[in-house]
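Remarks on the structure that follows.
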Amino acid sequence: MSVTPARSANDIRICDKCRHIRVKSMLGKLQKAAPEAEIKVGCKSYCGPCRKYAFVFVNGRYVTAPTEDEAVEKASKYVK
Numbered sequence: 001m002s003v004t005p006a007r008s009a010n011d012i013r014i015c016d017k018c019r020h021i022r023v024k025s026m027l028g029k030l031q032k033a034a035p036e037a038e039i040k041v042g043c044k045s046y047c048g049p050c051r052k053y054a055f056v057f058v059n060g061r062y063v064t065a066p067t068e069d070e071a072v073e074k075a076s077k078y079v080k
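Mapping of the sequence shown onto the working numbering: residues 1 to 80, in sequence order.
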């Protein structure tokens with residue numbers, strides 16, 4: 001009998017084109033908020049809000065905020 005590894009309960013994604021975040025620092029902050037999560041990086045086709053705000057896609061919700069830190073703080077409320 002084989003055992004498959006458990007998948008992360010969290011679906012977290014960030015955009016590498018977003019002007020309001022630094023991908024490396026955002027990844028570190030999100031990994032602290034959800035250490036077991038696999039965070040996906042790439043364009044999310046959310047360009048309108050992405051031009052105006054920092055955002056994180058977490059478990060089916062787009063979370064926006066004026067700054068990277070505020071976006072992570074808001075997103076952590078939706079981490080399982």
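For every residue, glycine included, the Cβ atom is placed at its ideal position computed from N, Cα and C.
Cβ-Cβ separation, residue j to residue i (assumed contact under 8 Å), whole Å
| i | j | result |
| --- | --- | --- |
| residue 56 | residue 75 | 4 Å |
| residue 43 | residue 17 | 5 Å |
C-beta contact flag for residue i and residue j at 7 Å
| i | j | result |
| --- | --- | --- |
| residue 13 | residue 40 | yes |
| residue 49 | residue 64 | yes |
Own chain partners of residue i with C-beta closer than 7 Å, once the 5 adjacent residues on each side are dropped
| i | result |
| --- | --- |
| residue 59 | 10, 11, 78, 80 |
| residue 21 | 14, 54, 68 |
| residue 34 | 10, 12, 79 |
Chain-order list of residues whose beta-carbon lies under 6 Å from that of residue i (same chain, five-residue window excluded)
| i | result |
| --- | --- |
| residue 29 | 72 |
| residue 26 | 14, 68 |
Close-in-space but distant-in-sequence residues of the same chain around residue i (CB under 8 Å, 5 per side omitted)
| i | result |
| --- | --- |
| residue 23 | 14, 16, 41 |
| residue 46 | 15, 55, 57, 62 |
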